[in-house]
Amino acid sequence: MFSSARSFLLLAPLLLFMILFVGQGLYRAFSESLHAGDNFLENYEQLFTQGTFWSSLQISVYVAFVSTLLSLIIGLWITRTLFRLFRTDQWKLAAWFPMLIPHFVAAYIIVLFFSPSGWFSAVLESLPLAGTFPVLVNDPLYLGVIITYIWKEVPFVVLMLLPVYQEIDWRMEEVGRSLGAKGFTLFRTVEWPWAGPVTAEVFLILFVFILGAFEVPALLGVTYPAMVPVLAFEWFYQGGWSNRPLAQAMMIVLTFFSVLLSFCLLYAVQRSRRKWMKGGKSNA
Amino acid sequence: MNKWYPLLFGAASLTAGCAENNTADVETQQERDWEEIVEEAAGKEVGIYMWGGDEGINAYMDEVVAPALEEQYDISFQRYPMDTPEFLSRLMTEKEAGQQDGAADILWINGENFRNAKENELLYGSFASILPNMEEAVNTEAPYIEYDMGIEVDEMEVPWGNVQYAFQFRDEENPPETLEELFYWAEENPGEFTYPNVSNDTGNGFIRHIIHHVAEDPEEVTEFNEAWIEENGDEVWEILRSLQPSLWRNGETYPETLSQQDQLFANGEVSATLGFNEYRAESLIEQGTFPEDTQTVGLSSGSISSTHYLSMAFNTQEPEAALVAINYMLSPEAQIAKLDPSMWGEGHILDLNKLTEEEVEEIESLVGEEVVPQEEALPELDARYISWIQENWEQEVVQQR
Amino acid sequence: MRKKWTKILLSSLLFFLFIFPVLFLFFKSITFGWNWPDILPHTLNLRAWTVIFNDPLIYRSLFTTVFIGVVVVILNYLIALPAAYALSHGNPRGKTLIETILLLPILVPVLAIAMGLHLVMIRLGIADNTAGVILIHLLPTLPYAVRVLKAGFDRISPDWVKQSRTIGTSQAAAFFIVLLPMMLPSIRSAGILVFVISLSQYVLTAIIGGGQVTTLPLLYYPFFNSANEAVVAGFSVLFAALPILFLILMESSIYLYKQWLHRL
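Chains as they are written, first to last, in the numbering used here: chain A, -6 to 277; chain B, 20 to 420; chain C, 564 to 827.
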């Protein structure tokens, strides 16, 4: 541990950069979202009374939550089962491969395989089985979008969790086992104190990322309800820019809640970490 | 390459930003002789902002326009791939920041975007009369010279190409030839027809045909007519609503873009696609994307003809070179090369009476039989209809399931 | 014996889920008119690749993309390593707030701030050029770099650094000889992540670079809206190939670095 002043010195370039650029951009977005007339919050009122916005928000939160949760569960499971194998580089590379692929390429791969005229459908057609291929792309449940995100984000989860698992003191597990703990209790007492904070952090990053990302839903989503970024894009550019203030208002609202969520989550993670570190020290 | 030197950014870079504008404005240009402008343009570099997602169009620009300008006028011609709304947004910000040395000189534009640009003073000015080819080659009698979707052109843009709306069908003996027949065909072949989201010009164009269909007389709707919309708007939506269940995916969703629909068509998921430019299927068949038996049909009940234009940015660095380049693109030579379906393949804006006999023959050999006879062409609607469609379609049609 | 089988099973599973799709993409790019419901194409040819490499902008755009990506990665290290170290081993006041600020670019939709950013760049005089694009690519990349590197530092006990310092090595030497080797896995993953994110930026590059800085996405995005699937697939393969190239570049520099460490 070193002093607060020195940490600030190391952090300064980054903080300055973020505040200068994002701050300036946000300020402008915010001022664009305000109404010029008497009621300067008119655009926000209009936004909140619009059904389109609410249905967009609903589908966005649903997609972000489901994709994040499934990615975390699968990623956690893979890491737990395979972390010993992952000491060698070939294995790591195989599991991380999707990370090398940009999101819109991943979306395209999903189209190639899963669309009703995709390859899986062609294979199914040639088999002597009855039944048509289910609609998984541009479907109202956003399954295509969710599949894409899972394919792309599971490796990210593994990437973040792997170092943690390789550091866990597995003697604790033996101690726990000998004390008669098993299954979930073992997981909770031995692994979770280590993996929990990182999992929460990854949850946050993925959730807000999916909430704000445009490419995948633009390609694999449906016309209505569109996810928030797609709707924002439409409002932003079409109709002679007349809907721009509305688009900006929507993005400001989204930003506000993302920031709030991340602040709370990061705060909770830090508290649990501190608590746990204290606990760990007093044991030692 | 002065693009790289600012890599050494830092304090030094803070000084730039509001460079002095020393380029000639449009009034000055009007007083000059054309020869003077051509002379001034030599050795300059000029750029055009245009959507870059069609290999045929790219090839035309790279293999016909650019070499010709280099050879004939010593102008080096750059193509910057960017979509119209994006570069207009950028121009707007540049204007706000007082950026006089703009990134690009020539814009590819029409309709709503043109109005936007004109209203926000993002254009260079009334330059059309400076270009010799406007007199010598272009059909200046055509309605699109004066009005672009109901917006006064004011010589701020010049027509570059003119295309008709047409439909493509596959595996179809008797493709429908009127809108009525098309609706019937869609019902008979559930799931085989759809149209792209109306935020896309092709999808929007389909709805504009329905407006024409509802209006008895094209005259009623050529100018934005609020009373008419008030009265007949719901009939337009009603037609679309009743069509919806027989569309692809029962109308649960629509292709986001025309290309998405083209992919569906290529894969046989739908049996029809559509779009501006009656010749567009030819190059797609050649590429192996569309099946050989693709048939293109123009509606005999009338199909909208649409014009796209070239214009200049307010902060162009090389107005002379831009003028020369635009003038070249209007020339019979460039326009005829543009007709060739192996590259771009789209309609010209020439006046056949102004051309030589060989040129007319060349055009006839390239175009062949007209898909949409001129007399069946419908005028393009006022741009405000486009906004009206965009603002209401989702609520009135998609959400009404 | 059982272990061996599970290994084979697992490796084929990983292969099919993660690597096969990309190989399939490559296969698709060398087909011609391959449409549903054919399981295999009738014709193979290189037409799509000819289209891609006939574009006069392609070579410069490949170079620009890699150049920007590499510079962005290096800048990320310079900025994010100290910051991640401070966050992990230091204890700045208001840590949660700082961490939130550092996440901002992920939290804010790019479209919302793009115009404002463009204005800043024009004022700085670096709009429409490579420097501006590099600077703007730092936004979406830095949050990830900080998170990944911080996770790496969290694993390293502060005692290690302290011990090496007590032996009397300089701070720089302590960093290069003690800290860096331990951080290598994180540095490697951060680099790849940053490179891929930089590679995928379209909106920011288009708005700040103004089409003059043509990176690969600027050429590819409009084509994504093209019905010619072989061309789209070909471009996609290029996108997958660049990070792999970068990975090789990175592995070789890590190898050289390790050699250097050995000789110490």
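Even for Gly, the Cβ is constructed at its ideal location relative to N, Cα and C.
Determine, for residue i, whether the minimum Cβ-Cβ distance to residues of chain C falls below 9 Å.
i                 : result
Arg109 of chain B : yes
Thr308 of chain B : yes
Pro148 of chain A : yes
Arg170 of chain A : no
Met13 of chain B  : The structure shown has nothing for residue 13 of chain B, since chain B only spans 20 to 420.
Trp163 of chain A : no
Leu303 of chain B : yes
For residue i, report the span of its beta strand (DSSP E) as first-last.
i                 : result
Gly66 of chain B  : Glu64 to Met69
Thr326 of chain B : Ser322 to Met331
Leu126 of chain B : Ile125 to Ile128
Val316 of chain B : Gln314 to Val316
Phe96 of chain B  : Ser95 to Pro100
Could you compute how far the alpha carbon of residue i sits from the alpha carbon of residue j?
i                 : j                 : result
Gly679 of chain C : Leu2 of chain A   : 27 Å
Phe41 of chain A  : Ala116 of chain B : 33 Å
Leu134 of chain A : Pro148 of chain A : 24 Å
Tyr298 of chain B : Gly364 of chain B : 6 Å
Tyr24 of chain B  : Trp127 of chain B : Residue placement at Tyr24 of chain B cannot be trusted, given a pLDDT of 39 that sits under 50; what the coordinates show is reported in the next sentence. Answer to the nearest angstrom: the Cα atoms are 30 Å apart.
Val177 of chain B : Asn372 of chain B : 19 Å
Val183 of chain A : Glu166 of chain A : 6 Å
Glu89 of chain B  : Pro195 of chain B : 47 Å
Leu65 of chain A  : Val150 of chain A : 6 Å
Leu69 of chain A  : Leu199 of chain A : 14 Å
Leu397 of chain B : His327 of chain B : 16 Å
Lys566 of chain C : Thr74 of chain A  : 13 Å
Leu283 of chain B : Val54 of chain A  : 29 Å
Glu395 of chain B : Glu311 of chain B : 27 Å
Gln83 of chain A  : Glu113 of chain B : 49 Å
Phe809 of chain C : Phe90 of chain A  : 13 Å
Specify, as a first and last residue, the run of the alpha helix (DSSP H) that residue i falls within.
i                  : result
Leu293 of chain B  : First-last for Leu293 of chain B: Ala291 to Phe295, but that is the beta strand (DSSP E), not the alpha helix (DSSP H).
Gly180 of chain B  : No alpha helix (DSSP H) contains Gly180 of chain B, which is instead part of the beta strand (DSSP E) from Glu176 to Phe188.
Arg623 of chain C  : Ile621 to His652
Pro104 of chain B  : Thr103 to Glu115
Ser(-1) of chain A : The amino acid at residue -1 of chain A is misidentified as Ser; the sequence shows Arg. Residues Ser(-3) to Ser26.
Phe758 of chain C  : Leu743 to Ser763
Leu68 of chain A   : For clarity, residue 68 of chain A is Gly in the given sequence; the question names Leu instead. Counting along the chain, the alpha helix (DSSP H) containing Gly68 of chain A begins and ends at Gly44 to Leu75.
Trp84 of chain A   : Asp82 to Trp89
Gln280 of chain B  : Leu277 to Ala285
Within the 9 Å Cβ cut-off, does residue i reach chain B?
i                 : result
Pro133 of chain A : yes
Phe587 of chain C : no
Met813 of chain C : no
Thr606 of chain C : yes
His700 of chain C : no
Tyr20 of chain A  : no
Pro6 of chain A   : no
Leu801 of chain C : no
Ser592 of chain C : no
Pro785 of chain C : yes
Pro109 of chain A : yes
Val252 of chain A : no
Quick one: measure Cβ to Cβ for residue i and residue j, integer angstroms, because I've assumed they're closer than 8 Å.
i                 : j                 : result
Tyr707 of chain C : Ile760 of chain C : 7 Å
Thr768 of chain C : Pro780 of chain C : 6 Å
Gly317 of chain B : Gln183 of chain B : 6 Å
Could you confirm whether any beta carbon from chain A is found closer than 9 Å to the beta carbon of residue i?
i                 : result
Val417 of chain B : yes
Leu743 of chain C : no
Phe581 of chain C : yes
Arg268 of chain B : yes
Glu105 of chain B : yes
Query raised in the report: In the stretch 203 to 222 of chain B, which residues sit with their C-beta less than 8 Å from some C-beta in chain C, listed in chain order?
Result: Answer in chain order: no residues at all.
Query - Residues from the stretch 129 to 154 of chain B in contact with chain C, defined by Cβ distance under 7 Å - result: The stretch 129 to 154 of chain B vs chain C, Cβ under 7 Å: nothing.
Query raised in the report: Any residues in the stretch 308 to 342 of chain B with a beta carbon nearer than 9 Å to a beta carbon of chain C? Which ones, in chain order?
Result: Under the 9 Å Cβ criterion, the stretch 308 to 342 of chain B contributes Thr308, Phe309 and Pro310.
Query raised in the report: What are the residues of the stretch 80 to 95 of chain A that lie near chain C, defined by any Cβ-Cβ distance shorter than 7 Å?
Result: Listed by position along the chain: Ala87, Ala88, Phe90, Pro91, Met92, Leu93, Ile94 and Pro95.
Query raised in the report: Any residues in the stretch 611 to 631 of chain C with a beta carbon nearer than 7 Å to a beta carbon of chain B? Which ones, in chain order?
Result: Cβ proximity to chain B below 7 Å picks out Val614, Asp618 and Pro619 from the stretch 611 to 631 of chain C.
Requested in this report: Below 7 Å between beta carbons is the criterion; list the residues of the stretch 195 to 224 of chain A that meet it against any residue of chain B, in chain order.
Outcome: Answer in chain order: Ala211, Val215, Thr216 and Tyr217.
Query raised in the report: Between the stretch 353 to 374 of chain B and chain C, which residues of the former have a C-beta closer than 7 Å to a C-beta of the latter?
Result: If the cut-off is 7 Å between Cβ atoms, the stretch 353 to 374 of chain B has nothing near chain C.
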